[in-house]
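Novice: So for the sequence shown, my numbering puts the first residue at 134; every next one is plus one.
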Amino acid sequence: MYDDKLKFNSDGKFKIMQIADVQEGAKVSTDTLRLMKLALGREKPDLVVFTGDQLYGVHPSFYIGDKRKNAENTIKTLIEPVEKAGIPFAVTFGNHDCQVGLTNARQAEIYNESPCCIHGEYAAEDDKGTFRIPLFNEEEHVFDVYLIDSNGQTVTGEYLPVSEKQLEWFRNEREKAKENGKYTGGIVFQHIPVPEFYDVLQQVKFGTKGAVEAFRNYKGKFFILPEEIRNTGGFMGESPAVPDRNSGEFDILKEKGNILALIVGHDHINSFVGEKDGIKLIYTQCAGFNVYGPKLKRGMRIIELDKNDLSSFRTYTVTYAELTDEKLSAPLKEFALTHIPTSMEQVKRLAILATGAGTLTLAAGTILIAKRISTHRK
134 MYDDKLKFNS
144 DGKFKIMQIA
154 DVQEGAKVST
164 DTLRLMKLAL
174 GREKPDLVVF
184 TGDQLYGVHP
194 SFYIGDKRKN
204 AENTIKTLIE
214 PVEKAGIPFA
224 VTFGNHDCQV
234 GLTNARQAEI
244 YNESPCCIHG
254 EYAAEDDKGT
264 FRIPLFNEEE
274 HVFDVYLIDS
284 NGQTVTGEYL
294 PVSEKQLEWF
304 RNEREKAKEN
314 GKYTGGIVFQ
324 HIPVPEFYDV
334 LQQVKFGTKG
344 AVEAFRNYKG
354 KFFILPEEIR
364 NTGGFMGESP
374 AVPDRNSGEF
384 DILKEKGNIL
394 ALIVGHDHIN
404 SFVGEKDGIK
414 LIYTQCAGFN
424 VYGPKLKRGM
434 RIIELDKNDL
444 SSFRTYTVTY
454 AELTDEKLSA
464 PLKEFALTHI
474 PTSMEQVKRL
484 AILATGAGTL
494 TLAAGTILIA
504 KRISTHRK
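1. Contact defined as beta carbons within less than 8 Å: I believe residue 372 pairs with residue 351. What is the distance between those atoms, to the nearest angstrom?
2. Roughly how many angstroms lie between the CA atoms of residue 421 and residue 137, to the nearest whole one?
3. Using only the alpha-carbon positions, how far apart do residue 456 and residue 165 sit?
4. Tell me which residue opens and which closes the alpha helix (DSSP H) that residue 299 is part of.
5. Under the three-state reduction of DSSP, which class applies to residue 194: helix, strand or coil?
6. Please report the distance separating the alpha-carbon of residue 329 from that of residue 438.
7. Which class does residue 245 belong to by DSSP, given the choice of helix, strand or coil?
8. How is residue 317 classed by DSSP in three states: helix, strand or coil?
9. Less than 8 Å between the CB atoms is what I'm expecting for residue 163 and residue 188, so what's the real figure, rounded?
10. Can you give the Cα-Cα distance for residue 257 and residue 246, rounded to whole angstroms?
11. Please work out which residues of its chain come closer than 6 Å, Cβ to Cβ, to residue 436, disregarding the five sequence neighbours upstream and downstream, and give them in chain order.
12. Cutting at 6 Å between CB atoms, please list the residues of its own chain near residue 199, excluding the five before and the five after it.
13. Expressed to the nearest angstrom, what Euclidean distance is found between the alpha-carbon atoms of residue 169 and residue 412?
14. Please give me, in chain order, every unbroken run of the beta strand (DSSP E) with length at least 3 that falls completely inside the stretch 387–432.
15. Per the contact definition of three or more C-beta pairs closer than 8 Å, is the stretch 280–294 in contact with the stretch 312–325?
16. Just reading off the beta strand (DSSP E) that residue 150 is part of, what are its end residues?
17. Return the Cβ separation of residue 233 and residue 204 in integer angstroms, given the expectation that the two are a contact with Cβ distance under 8 Å.
18. Compute the Euclidean distance between the alpha carbons of residue 271 and residue 144, then round it to the nearest angstrom.
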């Protein structure tokens with residue numbers, strides 16, 4: 134485990150790289166590893182934050198041989214590029230990690246075997262994806278990075294919100310982090326977005342170009358990114374998959390005006406920066422090539438802090454297309470993953486359309502195939 138304090142560099146900067154949704158099985162994609170190595174080599178971050186779904190826990194490859202050993206090998210393969218670069222990294226979890234049969238707490242122990250793994254005091258023994266990492270200017274504590282395990286989902290597919298216990302932990306940590314009576318600035322990383330992400334979107338009519346269809350609490354509604362977000366390079370290929378119940382997390386994050394951003398992953402083909410009530414709401418696209426994603430726009434997000442102005446930060450993404458022109462190792466697989474449905478609701482819609490066209494065989498085939506491949510979604 135990495136025991137040193139994280140400090141701003143001599144130039145006053147501190148760079149964080151977020152890696153979201155590599156979502157790998159027992160055999161890690163060479164393209165995923167290439168993307169990681171190239172991004173780390175170019176950006177040279179001071180901290181790497183994995184924001185969940187490092188593992189796609191129900192991937193069939195984990196069940197060939199020793200499932201737990203396979204999961205451990207995948208974890209070690211994924212962190213190897215970061216270790217070789219000598220960069221400290223922190224880890225929280227998504228809804229798929231624990232599906233491999235290892236609890237998140239046990240997976241945290243595997244990550245902690247690395248000399249580069251860093252974490253603060255865990256929120257609980259059974260919640261080792263929730264902690265605070267302080268950043269220092271020399272010996273002065275000036276900023277905080279919060280990681281929160283946003284939990285998994287129910288048997289009916291509902292995503293769980295951050296719990297009341299975790300929110301109480303955040304409030305307590307926020308108080309402990311105060312310096313000279315003032316709340317230190319901070320950024321929160323977690324896997325699953327909060328419902329307020331919908332508040333930065335624009336609701337439109339069915340058929341609007343570029344609109345995505347929402348489901349569950351937002352069923353029957355369609356959304357696009359506002360023009361000002363699209364103009365800064367943002368894109369949205371699927372509706373935010375948020376918890377059905379709003380636990381009030383966003384309201385708690387904004388209570389003291391010290392949290393600059395909530396940064397998430399989860400929805401692989403979304404990447405944008407919005408803002409609500411002074412907090413940046415940020416999506417980062419997936420980094421993995423063994424799962425659906427935005428083609429060669431798979432990438433990582435960079436957050437650059439400046440100790441001279443900790444009331445703001447710079448952020449941008451680095452993508453596979455920007456880093457290399459090397460061809461993918463499995464282009465046909467990538468094509469299939471790019472074009473499969475993003476949810477079972479879309480699978481049903483395809484089946485209905487096929488049935489309406491009088492092609493019952495096609496409808497049945499659509500359901501069987503889509504059920505199989507849509508398990509790679511989220």
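Where is the CB? At the ideal position from N, CA and C, for every residue including glycine.
Specialist: Once the coordinates are examined:
1. Here residue 372 refers to the residue found at position 239 of the sequence shown. Here residue 351 refers to the residue found at position 218 of the sequence shown. Yes, residue 372 and residue 351 are in contact; Cβ-Cβ is about 7 Å, under 8 Å.
2. By one-based count along the sequence shown, residue 421 stands at place 288. By one-based count along the sequence shown, residue 137 stands at place 4. Cα-Cα distance, rounded: 30 Å.
3. Along the sequence shown, one-based indexing puts residue 456 at 323. Along the sequence shown, one-based indexing puts residue 165 at 32. Whole-angstrom Cα-Cα distance: 12 Å.
4. Here residue 299 refers to the residue found at position 166 when the sequence shown is read from its first residue. Element bounds for residue 299: 297–309.
5. Translated into positions along the sequence shown, residue 194 becomes position 61. The answer is helix: DSSP assigns residue 194 an H, G or I state.
6. To locate residue 329, count along the sequence shown from 1; it is residue 196. To locate residue 438, count along the sequence shown from 1; it is residue 305. Cα to Cα, the separation comes out at about 25 Å.
7. In the sequence shown, the residue the question calls residue 245 occupies position 112. It is helical.
8. Locating residue 317 in the sequence shown gives position 184, where the first residue counts as 1. In the three-state scheme derived from DSSP, where H, G and I count as helix and E and B as strand, residue 317 is classed as coil.
9. Numbered from 1 along the sequence shown, position 30 holds the residue referred to as residue 163. Numbered from 1 along the sequence shown, position 55 holds the residue referred to as residue 188. Contact annotation, residue 163 with residue 188: C-beta distance approximately 18 Å; criterion of less than 8 Å not satisfied.
10. Residue numbering aside, residue 257 sits at position 124 when the sequence shown is read from its first letter. Residue numbering aside, residue 246 sits at position 113 when the sequence shown is read from its first letter. So the two alpha carbons sit approximately 19 Å from each other.
11. Position 303 of the sequence shown, counted from the start, is the residue given in the question as residue 436. The residues are 149, 446 and 448.
12. Position 66 of the sequence shown holds residue 199. Hits under 6 Å: none found.
13. The count along the sequence shown starts at 1 and reaches residue 169 at position 36. The count along the sequence shown starts at 1 and reaches residue 412 at position 279. Roughly 28 Å separates the two Cα atoms.
14. Uninterrupted beta strand (DSSP E) stretches at least 3 residues long and entirely within the stretch 387–432 occur at 392–397, 403–409 and 412–416, given in chain order.
15. Verdict: yes, contact present.
16. The residue given as residue 150 occupies position 17 in the sequence shown. Unbroken beta strand (DSSP E) run through residue 150: 146–152.
17. Stepping through the sequence shown from its first residue, residue 233 is reached at position 100. Stepping through the sequence shown from its first residue, residue 204 is reached at position 71. Their Cβ separation, rounded to whole angstroms, is 4 Å, which keeps residue 233 and residue 204 in contact under 8 Å.
18. Position 138 of the sequence shown holds residue 271. Position 11 of the sequence shown holds residue 144. Within the model, the alpha-carbon separation for residue 271 versus residue 144 is close to 12 Å.
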